Structure formats: C-alpha cells, structure tokens
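**Q**
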Amino acid sequence: MVAAGVRARVTLPLGGKLDMPAIGRRGEPRTVTGTVKLISDGRYRNRGPMSRGVLNDMGPTVVLDTGRVEIVVVSNQQEPNDIACFTALGIDPFAKRYLLLKSRVHWRAGFKDVARHTVECDGVGVCTSDYSALNFRRVPRPLFPLDSFPSPARVG
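Mapping the sequence shown onto the working numbering, position 46 (from 1) lands on 28, and the numbers just tick up by one.
1) Determine the direct distance from the alpha carbon of V45 to that of I73, and round the result to whole angstroms.
2) Leaving out five residues before and five after V14 in sequence, what residues of the same chain have Cβ atoms less than 6 Å from its Cβ?
3) Taking 7 Å as the limit between beta carbons, can you name the residues of its chain near P62, skipping five residues before and five after?
4) Between the alpha carbons of R(-9) and Y113, how many angstroms are there, rounded?
5) Extract the residue ranges of the alpha helix (DSSP H) inside the segment 69 to 93, only unbroken runs of 4 or more that lie entirely within it.
6) What's the gap between the Cα of P11 and the Cα of R120?
7) What are the start and end residues of the beta strand (DSSP E) that includes T48?
8) Using CA atoms only, rank isn't needed, just tell me which of Y26, G30, G49 is closest to P42.
9) Alpha carbon to alpha carbon, how far is F93 from P127?
10) Report the rounded CA-to-CA distance for R123 versus L116, giving the unit in angstroms.
11) Can you pull the DSSP bridge partners for L(-6)?
Given below as structure tokens:
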C-alpha cells in the first residue's frame, strides 16, 4: 500500500499472516479492496490516562478506505490503548458510529469515554477467552480459571 501511494486502489490479503500451532489453526488472511487514504510513519504519543506522553510506534501505517469501513493497517503490533492511535491518522473516534479494536483489556483506559456501548468478541487465536481451546501441558493442575472447582459449602 505504501508503494502504491495515497489514492491508489488496491486489493490485497490482510491479517492472518501467522499460523497458531498452539491451537492447531493456520493463518487465514482476508482479501480486501480499498483506496489508500493516508500513509503515516505510525508514531504517536499517548494523551492519557494510560501511559500519558509515551511515544508509540506502529511502524509504517496506512488507512485503507473500503468505502464502508476505514481500516488502519499497521506494520508493528501496538496495543490500541489511547485515542491518539486514531487521531494521529486523521481519524476522530468521537465522529465514528462504530469503532472496532483488536484488544483484550487495555483499550478501556483510553476508549471508555468514547464508547456508548461495548460488544466484546472472542475471536479465534492464542489470546482467546475460551481456555478450553488451549492446550496447557506444563501447568500444575487444578488451576483456576482452567479448571472448575466445586462451590464452597454454605454455612448458615
């Protein structure tokens, strides 16, 4: 996308580049078509409340506009825990109807004031919330939350 340049129309596979042998899954990229809207060096500073002032580096970053959705494509994995990851790319999170993040927990610090509603999804991957999908071999058992425990006896 960087080589194609801003305003170029591109079709390419996104995501799913890595296999996940820990859960027996192969990477599954999605083919996406869109227009390169913006190219950035991917650097921004957190505005807070989490890690205020910290310089983040997403590496070469592109905003790809599919016509219905703008997709931020980064070169370096970076936890999206601050709205600056969008504003540095000319995206106003408060002006969007929907904002989707690939993040497990830390997004709450920077985005709780943006979200009117939250829908959490358990995607396929090694960061799943479904621990039964993972194969733990060197973990002493039983261990919460991997194993269920009987309810404590009630007194009274």
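The beta-carbon is built from N, C-alpha and C at its ideal position, and this holds for glycine as well. Predicted model, so just to flag it, every value in this text is computed and none were measured.
**A** In short, the structure shows the following:
1) 9 Å
2) L(-4)
3) If we look at P62 and ignore the five residues flanking it on each side, its Cβ neighbours are L83, S85, W89.
4) 40 Å
5) Fully enclosed alpha helix (DSSP H) runs of 4 or longer: 89 to 93.
6) 31 Å
7) Element bounds for T48: n/a, residue is neither H nor E.
8) Y26
9) Cα-Cα distance, rounded: 27 Å.
10) 14 Å
11) V14
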